[in-house]
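Q: Every position in the sequence shown, counted from 1, becomes a number in my numbering once 474 is added.
The following block contains the structure, expressed as structure tokens.
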Amino acid sequence: MNNFSKAKVLCIGDLILDCYALGGVEKISPEAPIPILKLNKKEHILGGAGNVARNISAGGGYCFLLSVIGKDNAGKKMIKLLKIEKNIEPLIVKDSKRPTTVKTRFVSGSQQILRVDDEIIKDINQEIEIKVFRLFKKKIRDCDIVIISDYSKGLLTDNLLKLVIKECKNNKKQVIVDPKKTNFSIYKGADIITPNYRELLNATNHINCKENNEEKRISFLSGNLIKQNSFNTIITTRSSKGMLVFSRKKKFQLSSEALEVYDVSGAGDTVVAYLSLGISAGLNIEEATHLANKAAGIVVGKFGTATVKYSELGMKDELKKTVSLAQAIQLLKKTRIDKKVGFTNGCFDLFHAGHLKFLSEAKKRCDFLVVGLNSDSSIKTLKGKYRPINNQKERTQILSYLPFIDLVILFNDKTPIKLIKGLKPNFLFKGADYNLDDIVGSKEMKSWGGEVILIHYIEGHSTTNLINRIKNGT
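Written out as structure tokens, the structure is:
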């Protein structure tokens, strides 16, 4: 069972029936200079909000899928597809006055040569809107988080969006929006917005932005949108360049993890799906975005409207040990009944024998060892723009695979005081070169009867010394 098996996500958005006409081109038409596709087979897949739901299910979560379809053959096909999906509970309103959106892609081999969209883009009427919102209100309390998957097909009217976001706030549910509309003010009050770079530009019209650097431009525009619309975070997806995350408190960038870009269809669906799973499981925004970025890097290497299974992430061991503070506190409620909990922290950049000895000695003195790991942004603040040498993903993996470490918690602050206060460990381990009175958390440790223990390092072993040796070639 993975960390997301208890996650319940309510996804409201436009359903699309993705049809793939698969075959091969063997000749050019004598009627016009166009290829003739010899059709071999047709495949139908849930697209749009349906693909978000499929990714949530593939990741191990449960999805309430709320949408509107037409009373037509495509709608019937959609219902059949929904019935065979596991962990998706369809909340479907049928509208006789609008067709089900169908996108048909004609593919020769692995090359898409044509797409035909069969749809009527118009807002749902008031009667349908009332039915949709009634279902939303009925299920809002059963979920952990809400996704608004807006493909701008007409389901998500301005009024319905306003009602949905307000209802989420009333029920204290976080809202993630995958936007398609150019006016982001209609999403006002949402927690997380996930536009791609072009969508961000279209939503702002480059207003008063003189920055030529793409990252600075994204930061400037994101900051303005957050202030204007009370968003918490904007995650801008940048294709092969990864993601740039801008929130009220911090900014960070993740490089793309795609080994090969085969098809970008539905990559945004995978991003919001895994964001919701991560947040539902207690990950912070940086951890959840790392997860979503990894999933996106996998899905773009697949053909068509695809999903990513939890097992494909290759993060089982890492996720098992790497947790948020909230998750660690919950885990320790059971652990500390009959075991002593130890805590230490550090950057652990360029992991060396000194680190290994220190951590192994710490574990000998406690039953359960928790390590607070400075994030990349935290290290840059403390040690300058050229650090860390190894990014937080690599440093987390190294610590996670050490048998004497039980949990790893990434933190962004300069000091681990929040972790120490939250965890209330029995022991706080630091290097013997520290003065007890200068150790962050020493006063707090005394308040609950904890003990600060100093451990001797191997002399001459430090990351700074190692970097200098590399520079000097010694």
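Note that the Cβ used here is the ideal one computed from N, Cα and C, for glycine as well.
What is the DSSP secondary structure of Val815, reduced to helix, strand or coil?
A: Val815 falls in the strand class under three-state DSSP.
Q: How would you call Leu793, buried or exposed, if buried means at least 16 neighbouring beta carbons within 10 angstroms?
A: With a pLDDT of 49 at Leu793, under the threshold of 50, the modelled position of this residue cannot be trusted, and the question is left open.
Q: Is Arg608 helix, strand or coil when you go by DSSP?
A: Three-state result, Arg608: helix.
Q: Quick check on Lys795: buried or exposed, where buried means 16 or more other Cβ atoms within 10 Å of its Cβ?
A: It is buried - the Cβ of Lys795 has at least 16 other Cβ atoms within 10 Å.
Q: Using a Cβ-Cβ distance cut-off of 7 Å, determine whether Ser623 contacts chain B.
A: Absent from the structure: chain B. Only one protein chain is present.
Q: Where does Glu734 fall in DSSP's three states?
A: Its pLDDT being 49, under 50, Glu734 is placed unreliably by the model, and nothing is read from it.
Q: Name the residue from Gly663, Thr656, Lys662 whose alpha carbon lies nearest to the alpha carbon of Pro669.
A: It is Thr656.
Q: So, for Ser503: in the same chain, excluding its five sequence neighbours on each side, which residues have a beta-carbon less than 8 Å away from its beta-carbon?
A: So the list reads Pro509, Ile510, once near-sequence residues are dropped.
Q: In chain order, what residues of the same chain lie with their CB nearer than 7 Å to the CB of Asn950, ignoring the 5 residues before and after it?
A: The displayed coordinates of the chain run from 475 to 948. Any statement about residue 950 would go beyond what the structure contains.
Q: Here's the rule: buried if 16 or more other CB atoms are within 10 angstroms of the residue's CB, otherwise exposed. What is Ile883?
A: The residue is buried, with at least 16 neighbouring Cβ atoms inside 10 Å.
Q: Which whole-angstrom value describes the C-beta separation of Met717 and Ile709, a residue pair presumed to lie in contact below a C-beta threshold of 8 Å?
A: Sure, about 6 Å apart at Cβ, within 8 Å.
Q: Could you tell me which uninterrupted alpha helix (DSSP H) segments, each at least 4 residues in length, are contained entirely in the region 883-919, listed from first to last along the chain?
A: 891-897, all fully within the region 883-919.
Q: For Gly846 and Leu881, I'd like the C-alpha separation in whole angstroms.
A: Roughly 9 Å separates the two Cα atoms.
Q: Using a Cβ-Cβ cut-off of 8 Å (strictly less than) and excluding sequence neighbours within five positions of Ser479, which residues of its own chain qualify?
A: Contacts found: Gly534, Gly535.
Q: Comparing C-alpha positions only, which one of Ser582, Leu675, Asp618, Gly549 sits nearest to Gly778?
A: Comparing Cα positions, the closest option is Ser582.
Q: Mind the definition here: the region 564-573 touches the region 592-603 only if three or more C-beta pairs lie below 8 Å; say whether that holds.
A: Output reads yes: the region 592-603 touches the region 564-573.
Q: Apart from the five residues just before and just after Leu843, which ones in its own chain have a Cβ nearer than 7 Å to its Cβ?
A: Gly816, Ala836, Lys837, Phe878, Ile879, Asp880, listed in sequence order.
Q: At which residue ranges does the region 620-656 contain complete alpha helix (DSSP H) runs of 4 or more residues, listed in the order of the chain?
A: Here the runs fully enclosed are 632-644.
Q: I think Ser852 touches Lys888, with their Cβ atoms under 8 Å apart; what is that distance to the nearest whole Å?
A: Confirmed, Cβ separation roughly 7 Å.
Q: Terminal residues of the continuous alpha helix (DSSP H) containing Asp850?
A: Element bounds for Asp850: 850-857.
Q: Would you say Phe832 and Ile927 are within 7 Å of each other, going by their C-beta atoms?
A: No, these two residues do not count as a Cβ contact at 7 Å.
Q: Rounded to a whole number of angstroms, what is the C-alpha to C-alpha distance between Gln801 and Leu496?
A: Spanning the two alpha carbons is a distance of roughly 46 Å.
Q: My assumption, with CB atoms under 8 Å, is that Ala481 sits in contact with Asp618. Please give the rounded CB distance.
A: Contact flag correct, Cβ pair sits at about 6 Å.
Q: Does Arg528 come out as helix, strand or coil in the three-state DSSP assignment?
A: The answer is helix: DSSP assigns Arg528 an H, G or I state.
Q: Span of the alpha helix (DSSP H) holding His764?
A: Counting along the chain, the alpha helix (DSSP H) containing His764 begins and ends at 759-773.
Q: By the DSSP assignment, the alpha helix (DSSP H) with His829 in it spans what residues?
A: Segment 827-838, the alpha helix (DSSP H) holding His829.
Q: Count the other CB atoms, across all protein chains shown, that sit within 10 Å of the CB of Glu517; report buried if there are 16 or more and exposed otherwise.
A: Label assigned to Glu517: exposed.
Q: I believe Ala780 touches Gly740 by the beta-carbon criterion, under 8 Å. Please report the beta-carbon distance rounded to the nearest angstrom.
A: 7 Å between Cβ atoms; contact.
Q: By Cβ distance below 6 Å, which residues in the same chain neighbour Val735 in space, the five residues on each side in sequence not counted?
A: Bear in mind that the predicted position of Val735 carries a pLDDT of just 49, short of 50, making it too unreliable to give a figure here.
Q: List the endpoints of the continuous beta strand (DSSP E) containing Asn514.
A: From DSSP, the beta strand (DSSP E) with Asn514 extends over 509-522.
Q: How long is the line joining the alpha carbons of Lys725 and Cys642, rounded to whole angstroms?
A: Cα-Cα distance, rounded: 25 Å.
Q: In its own chain, which residues sit with a C-beta less than 6 Å from the C-beta of Asp841, not counting the 5 before and 5 after it?
A: If we look at Asp841 and ignore the five residues flanking it on each side, its Cβ neighbours are Lys813, Lys814.
Q: DSSP three-state label for Ser570, please.
A: Looking at Ser570 - three-state DSSP - the assignment turns out to be coil, as it is neither helix nor strand.
Q: How many angstroms separate the CA atom of Ser721 from the CA atom of Lys545?
A: If you take the alpha carbons of Ser721 and Lys545, they lie about 42 Å apart.
Q: Is Phe694 helix, strand or coil when you go by DSSP?
A: Note: Phe694 maps to helix in three-state DSSP.
Q: Could you pull the start and end residues of the alpha helix (DSSP H) that Gly923 belongs to?
A: Taken as a continuous stretch (DSSP letters only), Gly923 belongs to no alpha helix (DSSP H), as it is neither H nor E.
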